[in-house]
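Step one of this worksheet: look at the structure below.
2 protein chains.
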Amino acid sequence: MNQKAFQDYYPDELNHCYGCGRLNEQGLKLKSYWDGEETVAVFTPRPYHIAIPGVVYGGLIASIIDCHSTGTAAAAAYQAEGREMGTEPPVRFVTASLHVEYIRPAPLGVPLEVRGKIKEIKGRKVVVSATVSAGGEICAKGEVVVVKMPEQMMPKER
Amino acid sequence: MNQKAFQDYYPDELNHCYGCGRLNEQGLKLKSYWDGEETVAVFTPRPYHIAIPGVVYGGLIASIIDCHSTGTAAAAAYQAEGREMGTEPPVRFVTASLHVEYIRPAPLGVPLEVRGKIKEIKGRKVVVSATVSAGGEICAKGEVVVVKMPEQMMPKER
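One line per chain: the protein sequences are R and U, in this order. Numbering-wise (this note's numbering), the first sequence opens with residue 1 and increments by one. Numbering-wise (this note's numbering), the second sequence opens with residue 1001 and increments by one.
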């Protein structure tokens, strides 16, 4: 994909997230995109991201669901306001709650596909449902409640 | 603490977890202990484990809740069977579901304390409730449902 990812539009000051920050050198750098009315991100776990040999670590799955959901919420919020991502003022979400059901072990060594759907947008709150699949099989399902980042956490000067 | 951590009793074959495996060189190496009827682990996030500068990444908080809960379940299961951790046959849990409520931002640069309590033990299933605190203030609450690792995932030969 040569379109820009949602996370590439985050302001630099808010682009240091370990899961998805463009500017976090040690981070996972998850990249999320629209795919019709859903959103998608693909992430290949590193060899050490394991729970037991050959099986992806559940905390990593929770992490990519989390970051994909905050990104999905940001993209949907811009869309709901009828403006392009990256236009001012910036919109960024933080996680209020994260729920993950682990359906089957996710095998290491293949790309994981995270898909997100907006379940609800209401005021400052967005609910995102997500799945994580490996080789076309759903390994985990998530539901994430995110809220717009409080003003005091947003960058002051632009 | 000079007692052995729960995770130090996991069989080598099941001790590679990114969150708590003694043998995962790149991992977080979370260590969990009894503290009365509760369990406790202390983890200091690395400088790059951030959501935004100065604030700990939510996916890391989910990860340490997850690993502390599987460890707590293992310790409680041995206790319920009236035997010492590390005795045969080994007991190890996997996560069925993970729920985290983020209460307030966890500041970077201080140790996080994860505390766990057994909420229910029933057959192969254990429910653990957990909190994560920084400087005595609760930053997140978790509830984790874990199940005994299926036989086919356990090491075959001892």
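A virtual CB, placed ideally from N, CA and C, is assigned to each residue, including glycine.
6 Å Cβ shell around residue i - same chain, five flanking residues per side excluded
i: U/L1028; result: G1019
i: U/S1133; result: E1113
i: U/L1023; result: N1015 and H1016
i: U/E1013; result: P1155
i: U/R1104; result: C1139
i: U/T1131; result: R1115, I1138 and K1141
i: U/M1153; result: none
i: U/E1120; result: V1127
i: U/P1111; result: V1042 and T1044
i: R/S63; result: G19
i: R/G21; result: N15 and G27
Close-in-space but distant-in-sequence residues of the same chain around residue i (CB under 8 Å, 5 per side omitted)
i: R/E38; result: R115, G116 and K117
i: U/Y1102; result: G1058, I1061, C1139 and A1140
i: R/E84; result: Y78
Top-ranked residue by Cα proximity to residue i, from the options
i: U/M1149; options: U/Q1007, U/A1074, U/Y1048 and U/V1055; result: U/A1074
i: U/G1071; options: R/T70, R/P90 and R/A51; result: R/A51
i: U/G1058; options: U/Y1009, U/I1121, U/R1083 and U/H1099; result: U/H1099
i: U/V1055; options: R/R104, R/Q26, R/C17 and R/P47; result: R/C17
i: R/V128; options: R/Q152, R/G136, R/E137 and R/G142; result: R/G142
i: R/E151; options: R/P90, R/Y10, R/K4 and R/P105; result: R/P90
i: U/L1108; options: U/Y1010, U/K1031, U/S1069 and U/F1043; result: U/F1043
i: U/E1025; options: R/Q3, R/F6, R/E81 and R/Y48; result: R/Y48
i: U/K1122; options: U/R1046, U/S1032 and U/E1081; result: U/E1081
i: U/G1136; options: U/A1005, U/A1106, U/W1034 and U/I1064; result: U/A1106
i: R/V40; options: R/Q7, R/E88, R/V126 and R/E13; result: R/Q7
i: U/K1031; options: U/K1119, U/A1076, U/H1068 and U/V1126; result: U/H1068
i: R/F93; options: R/M153, R/Y9, R/V146 and R/R46; result: R/V146
i: R/G36; options: R/T87, R/E120, R/A76 and R/M153; result: R/A76
i: U/E1088; options: U/K1119, U/P1111, U/R1046 and U/P1011; result: U/P1011
i: U/W1034; options: U/K1004, U/P1053, U/S1063 and U/R1124; result: U/K1004
Minimum Cβ-Cβ distance from residue i to chain U less than 8 Å
i: R/V100; result: yes
i: R/M85; result: no
i: R/G71; result: no
i: R/G27; result: yes
Any C-beta of chain R under 8 Å from that of residue i
i: U/C1139; result: no
i: U/I1052; result: yes
i: U/Q1007; result: no
Beta-carbon neighbours of residue i, restricted to chain R and to distances below 7 Å
i: U/H1049; result: Y18
Closer than 8 Å at the beta carbon, the chain U residues around residue i
i: R/L108; result: Ordered by position in chain U, no residue passes the 8 Å Cβ test against R/L108, which lies about 11 Å from the chain.
i: R/L97; result: In the sequence as displayed, the identity of residue 97 of chain R is Ser instead of Leu. Simply H1099, V1100, E1101 and Y1102.
Beta-carbon neighbours of residue i, restricted to chain U and to distances below 7 Å
i: R/Y57; result: C1017, Y1018 and G1019
Contacts of residue i in chain U (Cβ-Cβ under 9 Å)
i: R/D12; result: Simply none; closest approach about 11 Å.
7 Å Cβ shell around residue i - same chain, five flanking residues per side excluded
i: U/D1066; result: G1019, T1095, L1098 and V1144
i: R/Y9; result: M85 and G86
i: U/R1124; result: V1147 and K1148
8 Å Cβ cut-off: residues of chain R touching residue i
i: U/D1066; result: G58, G59 and A62
The ligand ADP heavy atom lying under 7 Å from the CB of residue i
i: U/Q1003; result: Of the ligands one can find in the structure shown there are none, so the ligand ADP has no counterpart to examine.
Query raised in the report: Considering only residues of the stretch 32-56 of chain R, which uninterrupted beta strand (DSSP E) runs meet the minimum length of 3 residues and lie entirely inside it, listed in chain order?
Result: 32-35, 38-43 and 50-52
Requested in this report: With a floor of 3 residues, list each beta strand (DSSP E) that falls wholly inside the stretch 1072-1143 of chain U, ordered by position along the chain.
Outcome: 1093-1102, 1112-1122 and 1125-1134
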